[in-house]
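Reviewing the structure listed below.
Numbering (this note's numbering), first residue to last: 2 to 388.
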């Protein structure tokens with residue numbers, strides 16, 4: 002059975018690979034991982050963020066904008082920089098984020114199907130050795146004089162040093178979702194605008210977990226069946242279960258560097274469901290380059306520590322964390338937001354039944370309603386950097 006076939010089968014506990022003994026199959030603890038879908042005591046005992054105050058080691062935190070572990074790297078850098086007990090440990094944290102997926106293995110600067118140029122190539126071994134020279138041998142190299150944060154700004158494809166992350170000069174800007182006949186696919190008129198409109202009817206789509214929106218690149222790890230990195234999202238734009246909201250072509254460059262989020266006001270016909278969002282940079286040819294994505298599960302909309310049931314048909318606010326990115330949308334490009342209820346297998350599908358992930362064995366279709374009016378102003382929040 003191919004990878005994409007077995008991850009699509011139900012129930013999850015019957016995946017063929019789960020019955021293969023270790024070491025040929027999966028490590029035994031993987032069964033525990035998928036059995037604990039909420040942030041319970043099983044996970045909390047390993048939660049690094051509970052121990053920042055006890056750590057006394059300077060750290061070099063390396064990540065990529067298309068890295069599955071980007072969020073954790075940023076959180077650890079920020080947490081140790083602010084919470085470590087010793088001043089020298091707080092001051093001794095460094096952060097490097099490139100355009101890569103999980104590791105900077107490219108020798109030509111290509112990630113996904115995008116070539117970022119030779120400047121995107123990083124000698125990670127040499128970088129680590131310089132860090133050890135500085136922290137262990139006391140050699141006063143670049144780490145002694147350069148700012149603590151080094152970021153690769155996509156679009157311009159340059160490295161830039163910063164004093165902090167997120168950047169202090171960030172202007173968090175809301176782009177409101179709008180439409181008239183409906184934004185389903187490119188034939189719709191979904192729009193992103195800094196202006197909040199008044200009366201608008203909601204948009205609807207049907208989410209069928211048997212036919213989820215397929216993942217095209219992004220933050221994946223670590224195999225060849227599903228390659229990570231930025232890829233063109235146009236193959237999904239004709240689907241009726243994908244809502245598309247875009248700005249008009251930009252009249253000037255727009256830099257977005259930092260934390261991205263989406264607030265969706267939505268209702269569903271199901272007992273439980275997911276809402277997904279994906280941000281892309283669309284060039285004049287229509288090529289829609291992946292930037293970042295996220296998901297929210299309705300029953301964990303407020304906390305991952307305990308489920309909270311929803312009432313079918315009732316409107317709730319869902320905040321979707323799209324993690325972070327750094328990109329310059331060039332003049333003539335568009336900012337594009339995709340809204341749906343699946344991005345599979347990047348995110349586990351919600352069967353819409355309210356059952357736990359491991360044992361769910363049936364599917365229920367869901368009618369999803371997305372609101373965007375003066376009362377329910379769904380929006381995309383971008384960390385705009387003044388230029």
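Built from N, CA and C at the ideal position, the CB exists for glycine as well.
Thinking C-beta only, is residue 125 closer than 8 Å to residue 60? Here residue 60 corresponds to residue number 59 of the chain shown, with the count starting at 1. Here residue 125 corresponds to residue number 124 of the chain shown, with the count starting at 1. No, Cβ-Cβ distance for residue 60 and residue 125 is not below 8 Å.
I'd like to know if the region 269–289 and the region 333–353 are in contact, where contact means that at least 3 CB-CB pairs between them fall below 8 Å. yes
Determine the closest residue to residue 113 out of 188, 66, 94, with distance taken between C-alpha atoms. Position 112 of the chain shown holds residue 113. Residue 113 has its Cα closest to that of 66, out of 188, 66, 94.
Would you call the region 359–370 and the region 207–214 touching, i.e. three or more CB-CB distances under 8 Å? yes
Cβ-Cβ distance between residue 214 and residue 237 below 8 Å: On the chain shown, position 213 is the one that residue 214 refers to. On the chain shown, position 236 is the one that residue 237 refers to. Cβ atoms of residue 214 and residue 237: closer than 8 Å.
When you compare each of 282, 254, 227, 328 to residue 233 by their alpha carbons, which one comes out closest? Counting from one through the chain shown, the residue named residue 233 turns up at place 232. Checked all of 282, 254, 227, 328; the closest Cα to residue 233 is 282.
Could you spell out the range, first to last residue, of the beta strand (DSSP E) harbouring residue 324? Here the question's residue 324 lines up with position 323 in the chain shown. Residue 324 -> beta strand (DSSP E) spans 317–330.
Fully enclosed by the region 104–188, which alpha helix (DSSP H) runs are 4 residues long or longer? 125–137, 143–146
Near residue 82, what residues of its chain come up, given a Cβ to Cβ distance below 6 Å and the 5 sequence neighbours on each side ignored? Your numbering for residue 82 matches position 81 in the chain shown. 91, 94.
Can you find the residues in the same chain that come closer than 8 Å, C-beta to C-beta, to residue 44, ignoring five residues on each side of it along the sequence? Taking the first residue of the chain shown as position 1, residue 44 is located at position 43. These residues qualify, in order along the chain: 37.
Measuring alpha carbon to alpha carbon, tell me which of 10, 29, 35, 30 ends up nearest residue 357. Position 356 of the chain shown, counted from the start, is the residue given in the question as residue 357. Looking at the Cα atoms, 35 is the closest of the given residues.
Is it right to say residue 154 is buried, meaning 16 or more other beta carbons lie within 10 angstroms of its own, or is it exposed? Here residue 154 is taken as the residue at index 153 of the chain shown, counted from 1. When all chains shown are included, residue 154 counts as buried.
Closest by CA to residue 244, which one among 198, 87, 266, 187? As a first step, residue 244 is located in the chain shown; it is residue number 243 there, counting from the start. Measuring from the Cα of residue 244, the nearest candidate turns out to be 187.
C-alpha distance - residue 373 paired with residue 167, whole-angstrom precision: Here residue 373 corresponds to residue number 372 of the chain shown, with the count starting at 1. Here residue 167 corresponds to residue number 166 of the chain shown, with the count starting at 1. Going from the Cα of residue 373 to the Cα of residue 167 covers about 28 Å.
Taking the Cβ atom as the reference point for each residue, do residue 300 and residue 309 lie within a distance shorter than 8 Å? Position 299 of the chain shown holds residue 300. Position 308 of the chain shown holds residue 309. Yes, they are a contact pair.
Residue 236 in three-state terms, based on DSSP: For this step, residue 236 is matched to residue 235 along the chain shown. Here residue 236 sits in helix by DSSP.
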